[in-house]
Amino acid sequence: MLWFAITASLATGIASAVFPVWQLFRKDASGSGRTTRLRQILVGVEVALGTALLASAGLLLHSFVNVMSADRGYRVERLFAVDLSLFGPSYSNGESRIVFYRQVAENVRALPGILAAGAISELPAESGATSGASRTIFYAADKSFHSLVLARPGAMIRSVTAGYFAASGTVLRAGRFLTPQERAPVALISESLRKRLWPRDAPAAVPGRTLRQGDVSGPLITVVGVVEDVRPGAVDRESPPLIYRPYDQWVRGPMTLVVRTAREPAEFIPAARAAIRKMDPNLPIPEIRTLKEIVSASVAERRFQMILTSLFGLVALLLGAVGIYGVVSYSVACRTRDIGLRIALGAMRSDVMRWVFAKGMQPVLIGLLAGLAGAIAIARAARSLLFGITPSDPLSLGAVVAVLLLASGLACYLPARRAAALDPITALRHE
C-alpha cells in the first residue's frame, strides 16, 4: 500500500506539473475553464497522495526517534565489544575456556582508561526476542508439580563473567550481581522472568528463591538477584525472559567481551586488541565495534524505510507545490480580463488577492483531508513498522499538515499577489 502511494503520488505530481506548461504552449483559451478544473483535480489528487506519503514518512521518522531513544536496559555510550571464538587443543575443555575469559577480562580491565570489562554469550543488541537457540524451561522449586507443568515458563540463558554487568550498566532491581567465585549454582533473572515465576512477589522478595532448569528433578539454582529487562536488537519486540548464569557454571562456545571506557572507545581499541593478541597470537579477532555501531546496525532496515519514504515524500511535496503554483498561475492568466474588470469596478486589491488565494487553496484543503485519511489507513496496515506511537499520532500528522499548508500557501500567495498588482487598463486590453 505504501509503494502504491509512492508511485501514484509521483506520477500524479509529474502530470500536474507538466500539464499547465503544455496548455500554455497550446494557448487553449476556449477550453480554459475545463482545463482549469482538470488541473485542479490533478492538484487535489497530488496533494492527497503527497499528504499520505509525507504523513507516512513523519510517522516513520517519529517511530525511528522513539527506537533510538528507547530504554534498552543497558547503556551504549563509551562501550565497545570484541567477539571471541576459542578453537584448537588449547581450549578443548571447559576449564581452559573459563581461565581464558577470566584472564582476558582482567588484562583488558587493567589497561589505563578502561573502567570495566566482562563477557557474555550473546549481546542483547544482536539477539532476537523469539530466538529459540538457548531457550530452556525453568521451574520455580516452591511451586506444585501441577502448576509447574502447566506454566512451563521458558527463558533464554546467557553465560556471563562477573564484570559484564558493570561494563554494560545493567540495572539491578533486587539482590546482588554475580561474583567471580560462585561455589553453589546461582543465577540472576530478568524482571520479565520474575513475573512469570513469582508474579505476586515483589523483586525484593525473590533473591534466595530456588528454581530448576530443564525438568522438575534438575539441580536447584539459587536466584541471587533480579535485573531490569533488556530489549533485543529489534526494540519493538517484547523483552525476552532472561536468566544469567556464571560462565564457570554454564560454559558455552563463543563469547563477546564488553568493555567500558573513560573516553571515546576508539582511543582504547588498539590497546585492547594488543592485550588479547598477547594472550594468544593465533586467536582470530574480527572487527571491534562500538555498541553505538551495533545498535545502529540493528535498526538499519528501519532507517532505510524512513529515509526512502522521506525522500519520496519531499519529492511529492515539491511536485505538489509546483502543481499548485502552476494551476493558480494558469487560472490568473486565463482570467486576466475578469480580474482587471473587478479592479476597475472598485474591487480592493486585497479582495482580489484573497479571492485568487481561496480559489487556489480549495483543491489543497480537499486533498489534504483525503490524504490524512489515507495516511491513517496506510499506518494501520503497516502498524508493525511503528514503535511508541499510534497510526493517528497527532505530533507527526500535525507537523505534516503544517508543512503542506505552508508550502501550498506560498505557492498560492505568489500568483495571488501578482494578480492583485495587475494594472486594470492593461488587463482589460489583454487577449
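Those letters in the sequence shown? Residues 40 to 470, per this note's numbering, in order. Virtual Cβ for every residue (Gly too), placed ideally from N, Cα, C.
Cβ-Cβ separation between residue 284 and residue 262: approximately 11 Å, too far for a contact (criterion under 8 Å). In this structure residue 370 is buried. Its beta-carbon is surrounded by 16 or more other beta-carbon atoms within 10 angstroms. Taken in chain order, the unbroken stretches of beta strand (DSSP E) that lie wholly in the segment 196-266 and span 3 residues or more are 211-214, 225-229, 249-252 and 259-266. The three-state secondary structure of residue 460, taken from DSSP, is coil. The criterion of a C-beta distance shorter than 9 Å is not satisfied by residue 413 and residue 200. Look at residue 449 here: in three-state DSSP terms it is helix.
In this structure, the beta-carbon distance from residue 406 to residue 86 falls below 9 Å. In this structure, the beta-carbon distance from residue 265 to residue 113 does not fall below 9 Å. Between residue 323 and residue 195 a beta carbon distance of about 26 Å is seen, past the 8 Å cut, so the two are scored as non-contacting. The shortest C-alpha to C-alpha distance from residue 290 to any of 444, 119, 138 and 459 is the one to 138. Here the alpha carbon of residue 295 sits roughly 54 Å from the alpha carbon of residue 361.
Around residue 153, the same chain offers 147, 298, 299, 300, 301, 307 and 311 as residues with beta carbons nearer than 8 Å, after the five sequence neighbours per side are excluded. Checking the DSSP bridge columns, you'll see residue 298 partnered with 119 and 156.
Ranked by how close their Cα comes to the Cα of residue 205, the residues 453, 388 and 156 have 156 in first place. Secondary structure of residue 283 (DSSP, three-state): strand. DSSP places residue 413 in the helix class (H, G or I) of the three-state scheme.
Secondary structure of residue 177 (DSSP, three-state): strand. Burial state of residue 423 is exposed, judged by a 10 Å Cβ sphere holding fewer than 16 other Cβ atoms. The straight-line gap separating the alpha-carbon atoms of residue 103 and residue 341 is approximately 7 Å. Counting the other CB atoms within 10 Å of its CB gives residue 79 a total of 16 or more, which places it among the buried residues.
DSSP places residue 139 inside the alpha helix (DSSP H), whose first and last residues are 133-148. The beta carbon of residue 135 sits closer than 7 Å to the beta carbons of 129 from its chain, once the five residues preceding and following it are set aside; these are given in chain order. Collapsing the DSSP output to three states places residue 329 in a strand.
Taking the Cα positions, residue 115 is about 14 Å away from residue 305. Counting along the chain, residue 318 sits inside the alpha helix (DSSP H) bounded by residues 308-318. Straight across, the Cα-Cα distance linking residue 197 with residue 229 is about 11 Å.
Here residue 194 carries a strand assignment [DSSP, helix/strand/coil]. Within its own chain, the residues whose Cβ lies closer than 6 Å to the Cβ of residue 83, once the five positions on either side in sequence are excluded, are 402, 405 and 406, listed in chain order.
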